[in-house]
């Protein structure tokens, strides 16, 4: 089959240029946290979550280039939850947003091909993946035009024990994963000059960003952990390429659960919060 | 919440004793490979896959202790595929089979809790998980009574580059993961004397089985790769505990696509093949 992987990288890069800021809004909907008025309006949990997510998508379209769906939040409701996830993902893509399916899948090649088919069904541009099983589980996504963000260095505090372990050759485990991603990505370049094989690199691992950028020059870094989790502007800056590209900073709760001002509808609070984050990150990237 | 994790280990151990052989039948249905008569009978792909899986479940119940559903084979059909997966999983559990959800999930704690809810919905006893993000992503499954098989050493050929990399302290990456699993599992012991925190250890990695057993004395090893992929009886034996327990050998294609003899219905061929595999592995374990 023809390699279509450049499509994902180029779509994301174009969306970032258009939006003017590399921000991704994370949709991790939890029923207890969504606006009371939505919960009151719907008998069914999934109906409330669906209206909430649709509201967020409409509020952030045109403001940010991308949204990221946390698959677990939908899968917990079984098949019906996944049906909703698919609908929302397609709706987001049709609204001009790049869609990241945050599914952290990672399997052998043939199973990855099935997961890639699932990603295509939902019009996802990228999927987060786990490389523990080896490189051949990552290629099937790229082969059908779905970009990957490989988990390299995650933002959660307890990731250090494993990802930061030192190898005999001097690398950390995360650095070894980074080399795999860089190697895989070299043949998956978009016209944008960035690769469809990207990496998840948390903003909370101060000092590691620059080293990982050196190992992964062509990669887009999907960056969780900025703000609430302690990641700073300097952390993000350290991960930029020299051309100030190569990052996609993701934020979930601070945007989707933004507290409305008096009289402000909840979705306008989401839009306002997304605009503020976009402006802030645009400044970080420029500065 | 009360720790219910022992339930998964004890349920599996009891099922193994009852069936007399530690064999798990893998349900990785692919439409092209299922019997022609089923494909001819159904317009819809999922209807054919559903009838096929139901036939396999009925054919192997009472013969083997467990079945394993490859999630990707269902997810490729989106939400409807997951609805079917749930139905089949519940049906298998009600038929007295231990259910392994081969989903290879791996996320941070709160997302793992959502995935654990998904596992409970489908009555899964165990789920396969990836520990790259750290130990806190594994506990949420155990906390609600879902056992885990953590990917330690997988059977696919290209897993070596990552899993077999040497650490500064002398361990391999897989051995480091094994230590994490052993540590996590120590407080998750069933009355059976085995832990609900188990490990995936491929039969194809000759010579590594015994070392991983030494690191993980309390773990049940879910073992792919036996037979077709080259794993031998000796490989399985090297992973046994001294009490001849602690393994669950999984086989997919050799059983579910068993070739019928002349005049033999396809599901009787499946049952015959499962019985043969159960007898063979019973011999391996005893020998």
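Residue numbers (my numbering), protein chains in the order written: chain A, 19 to 305; chain B, 19 to 305. C-beta: ideal position from N, C-alpha, C; glycine also.
Chain-ordered chain A contacts of residue i [CB-CB under 9 Å]
| i | result |
| --- | --- |
| residue 306/B | Missing from the structure shown is residue 306/B; chain B here goes from 19 to 305 and no further. |
| residue 151/B | 122, 148, 169, 172, 174, 176, 177, 180, 181 |
Residue interval of the alpha helix (DSSP H) (run including residue i)
| i | result |
| --- | --- |
| residue 198/A | 191 to 203 |
| residue 252/A | 251 to 255 |
| residue 101/A | 96 to 112 |
| residue 44/A | Counting along the chain, residue 44/A falls outside any alpha helix (DSSP H), though it belongs to the beta strand (DSSP E) covering 41 to 45. |
| residue 154/A | Looking at the DSSP string, residue 154/A is not in any alpha helix (DSSP H), and its letter there is neither H nor E. |
| residue 63/A | 63 to 78 |
| residue 266/A | Element bounds for residue 266/A: not the alpha helix (DSSP H) but the beta strand (DSSP E), 265 to 269. |
| residue 132/A | 127 to 139 |
| residue 28/B | 24 to 37 |
| residue 259/A | Note, residue 259/A: premise wrong, no alpha helix (DSSP H); not H, not E. |
| residue 227/B | 226 to 233 |
| residue 206/B | Neither: residue 206/B is in no alpha helix (DSSP H) and is coded neither H nor E. |
Chain B residues whose Cβ lies nearer than 7 Å to that of residue i
| i | result |
| --- | --- |
| residue 245/A | Here the premise fails: no neighbours, minimum Cβ distance about 16 Å. |
| residue 126/A | 174 |
| residue 109/A | The premise fails here: residue 109/A is roughly 14 Å from chain B at the closest Cβ pair, so nothing lies under 7 Å. |
Nearest-angstrom Cβ-Cβ length linking residue i and residue j, presumed shorter than 8 Å
| i | j | result |
| --- | --- | --- |
| residue 266/A | residue 230/A | Not really, about 15 Å apart at Cβ, beyond 8 Å. |
| residue 135/B | residue 72/A | Actually they do not touch by this definition, with Cβ atoms about 23 Å apart. |
| residue 115/A | residue 74/A | Not confirmed; about 10 Å, so no contact. |
| residue 220/B | residue 245/B | Not quite, the Cβ-Cβ distance comes to about 12 Å (not below 8 Å), so this is no contact. |
| residue 217/B | residue 234/B | 6 Å |
| residue 92/B | residue 81/B | Incorrect: roughly 23 Å between the Cβ atoms, too far for contact. |
| residue 66/B | residue 79/B | Contact doesn't hold; Cβ gap of about 21 Å is too wide. |
| residue 96/B | residue 98/A | In fact, because the Cβ distance is near 12 Å, the residues do not count as touching under 8 Å. |
| residue 208/B | residue 24/B | 4 Å |
| residue 64/B | residue 87/B | Wrong, their Cβ atoms sit about 14 Å apart, outside the cutoff. |
| residue 170/A | residue 144/A | Not quite, the Cβ-Cβ distance comes to about 14 Å (not below 8 Å), so this is no contact. |
| residue 124/B | residue 122/A | 6 Å |
Any chain B beta carbon closer than 8 Å to residue i
| i | result |
| --- | --- |
| residue 91/A | yes |
| residue 275/A | no |
| residue 67/A | no |
| residue 270/A | no |
| residue 86/A | no |
| residue 141/A | no |
| residue 148/A | yes |
| residue 157/A | no |
| residue 154/A | yes |
| residue 104/A | yes |
| residue 30/A | no |
Range covered by the beta strand (DSSP E) that runs through residue i
| i | result |
| --- | --- |
| residue 147/B | 144 to 147 |
| residue 313/B | This structure does not reach residue 313/B, given that chain B is present from 19 up to 305, and the question cannot be answered. |
| residue 88/A | 84 to 88 |
| residue 241/B | 239 to 241 |
| residue 215/B | 215 to 219 |
| residue 301/B | First-last for residue 301/B: 284 to 304, but that is the alpha helix (DSSP H), not the beta strand (DSSP E). |
| residue 170/B | 165 to 171 |
Closer than 8 Å to chain A by CB, residue i
| i | result |
| --- | --- |
| residue 202/B | no |
| residue 172/B | yes |
| residue 191/B | yes |
| residue 57/B | no |
| residue 194/B | yes |
| residue 144/B | no |
| residue 19/B | Because the pLDDT of residue 19/B is 43, which lies under 50, any placement of that residue in the model is unreliable, and the question is left without a value. |
| residue 180/B | yes |
| residue 289/B | no |
| residue 226/B | no |
| residue 50/B | no |
| residue 62/B | no |
| residue 24/B | no |
Neighbour list for residue i in chain B, Cβ cutoff strictly below 9 Å
| i | result |
| --- | --- |
| residue 310/A | This structure cannot settle anything about residue 310/A, because the visible part of chain A is limited to 19 through 305. |
| residue 129/A | 46, 88, 89, 90, 91, 120, 122 |
Under 8 Å by beta carbon: chain B residues contacting residue i
| i | result |
| --- | --- |
| residue 229/A | None at all; the shortest Cβ gap to chain B is about 17 Å. |
| residue 135/A | 94 |
Three or more beta-carbon pairs under 8 Å between the region 188 to 201 of chain B and the region 253 to 263 of chain B, yes or no?
-> no
Answer yes if the region 145 to 158 of chain B comes into contact with the region 168 to 186 of chain A, meaning at least three C-beta pairs across the two stretches below 8 Å, and no otherwise.
-> yes
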